[in-house]
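Since the structure comes first, as structure tokens, the remarks are kept for the end.
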Amino acid sequence: MKNFVLLALIASVIYTGKAQEIIDLPNNNPDNISWDVAEREYYSPIWMTQVITNVAKPAMEVFRPTGVEPNGTGIIIAPGGGLYALSINSEGKDVARWLNQKGITAFVLKYRLVPTGEDGVKEVSVVGNEIYEKIAPILPLSIEDGLNAVAHVRKNAKTLGVEPDKIGFMGFSAGGAVTMGVAFNANADNMPNFLVPVYPWMTVLGEYEVPEELLPMAVVCASDDPLLLAPESVQLYTAWQDEGNPTELHMYAKGGHGFGMRKQNLPSDTWLARVYEWAVAEKLVNTPTTN
Numbered sequence: 034m035k036n037f038v039l040l041a042l043i044a045s046v047i048y049t050g051k052a053q054e055i056i057d058l059p060n061n062n063p064d065n066i067s068w069d070v071a072e073r074e075y076y077s078p079i080w081m082t083q084v085i086t087n088v089a090k091p092a093m094e095v096f097r098p099t100g101v102e103p104n105g106t107g108i109i110i111a112p113g114g115g116l117y118a119l120s121i122n123s124e125g126k127d128v129a130r131w132l133n134q135k136g137i138t139a140f141v142l143k144y145r146l147v148p149t150g151e152d153g154v155k156e157v158s159v160v161g162n163e164i165y166e167k168i169a170p171i172l173p174l175s176i177e178d179g180l181n182a183v184a185h186v187r188k189n190a191k192t193l194g195v196e197p198d199k200i201g202f203m204g205f206s207a208g209g210a211v212t213m214g215v216a217f218n219a220n221a222d223n224m225p226n227f228l229v230p231v232y233p234w235m236t237v238l239g240e241y242e243v244p245e246e247l248l249p250m251a252v253v254c255a256s257d258d259p260l261l262l263a264p265e266s267v268q269l270y271t272a273w274q275d276e277g278n279p280t281e282l283h284m285y286a287k288g289g290h291g292f293g294m295r296k297q298n299l300p301s302d303t304w305l306a307r308v309y310e311w312a313v314a315e316k317l318v319n320t321p322t323t324n
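Numbering (the working numbering), first residue to last: 34 to 324.
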């Protein structure tokens, strides 16, 4: 029986590929916030995708390129989910694997979330306008996790196979708020070198000023986003463009919200390829060499 279990574990590792490479990040949680339910990963029938809830200890999973030579660019990915959950596959791991094919090293960030019961997706689906009150004490922690992620990748760039001046930050919806929160609060050690906010939730950040640093950015959204995030994305693009930053906007007529890597047979399905082309044109990434 023991030999059977061992063989099963070996087969599992072979089937799933390399073992997970996890980087734990600092988590100095305040005394007035407690996570009574353990972190949980499950399939949400509401969102029809895999999610993670109740993140109290931030971490990153490393996805290294295979089959192509790493090109030195690293991108930290912050999945969305209203700060109640993380859409960990379509806005996280699936994105990372696509980037790996282009020689980009990816880091899927699990940032701290609102403490919930067993089903955080169900809770965020019914919370209404109270969501702003619920996330107010959490968003600064999530942004801190993003800043720590950038600092860690830059400090350990050589070991991780990236160049310290080619570290991007990509985030979806609430993860887009984390992305921009990082840009608005960074210093020289933890400022990303470029940004990719995808249907970013900007209202939670309030008024903002464009950083003085030259910071390339590509914004992605859909005009028919039911959360009305399209105008915020246009405003963000305009603010960046007005300050002379290399900026690109991909506003799709249709796509809705939370499309991530989902296939909808719409032009928005190819958003990541368009962002990659932008990054190559801006010399943020080099084209890969196949082994």
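We treat Cβ as the ideally placed atom computed from N, Cα and C, and that holds for glycine.
- Shortest Cα-Cα distance from residue 63 to any of 158, 75, 177, 314 involves 177.
- Using a C-beta cut-off of 8 Å, the region 84–101 makes contact with the region 142–152, since at least three inter-stretch Cβ pairs fall below that distance.
- Residue 75: member of the beta strand (DSSP E) spanning 73–77, first to last residue.
- Taking C-beta atoms as the reference points, residue 226 and residue 180 fail to come closer than 7 Å.
- For the pair residue 84 and residue 154, the CB atoms are nearer than the 7 Å cut-off.
- Rounded to whole angstroms, the separation of the alpha carbons of residue 248 and residue 293 is 23 Å.
- Taking residue 136 as reference, the option from 112, 173, 96 with the minimal CA-CA separation is 96.
- In the three-state scheme derived from DSSP, where H, G and I count as helix and E and B as strand, residue 285 is classed as strand.
- Between the region 64–79 and the region 189–206 there are fewer than three inter-stretch CB-CB distances shorter than 8 Å, so the stretches are not counted as touching.
- Residue burial annotation: residue 122 is buried, with at least 16 other C-beta atoms found within 10 angstroms of its C-beta.
- Separation of residue 188 and residue 270 (C-alpha to C-alpha, rounded to the nearest whole angstrom) is 30 Å.
- Within 10 angstroms of the beta-carbon of residue 252 lie 16 or more other beta-carbons, which makes it buried.
- Looking at 101, 230, 272, 237, the one whose alpha-carbon comes closest to that of residue 108 is 230.
- If you draw a straight line from the Cα of residue 191 to the Cα of residue 157, it is about 40 Å long.
- By the CB criterion at 7 Å, residue 259 and residue 315 fall outside the cutoff.
- Around the beta-carbon of residue 98, 16 or more other beta-carbon atoms lie within 10 Å, marking it buried.
- Exclusion of the five residues before and after residue 79 leaves 154, 155, 158 as the residues of its chain whose Cβ lies within less than 7 Å of its Cβ.
- Looking at 276, 220, 268, 256, the one whose alpha-carbon comes closest to that of residue 286 is 256.
- Nearest neighbour of residue 236 by Cα position, chosen from 73, 74, 282, 211, turns out to be 211.
- Beta-carbon to beta-carbon, residue 54 and residue 94 are separated by about 7 Å, close enough to satisfy the 8 Å threshold.
- Counted as a single uninterrupted DSSP element, the stretch harbouring residue 91 is not any beta strand (DSSP E), since DSSP gives it neither H nor E.
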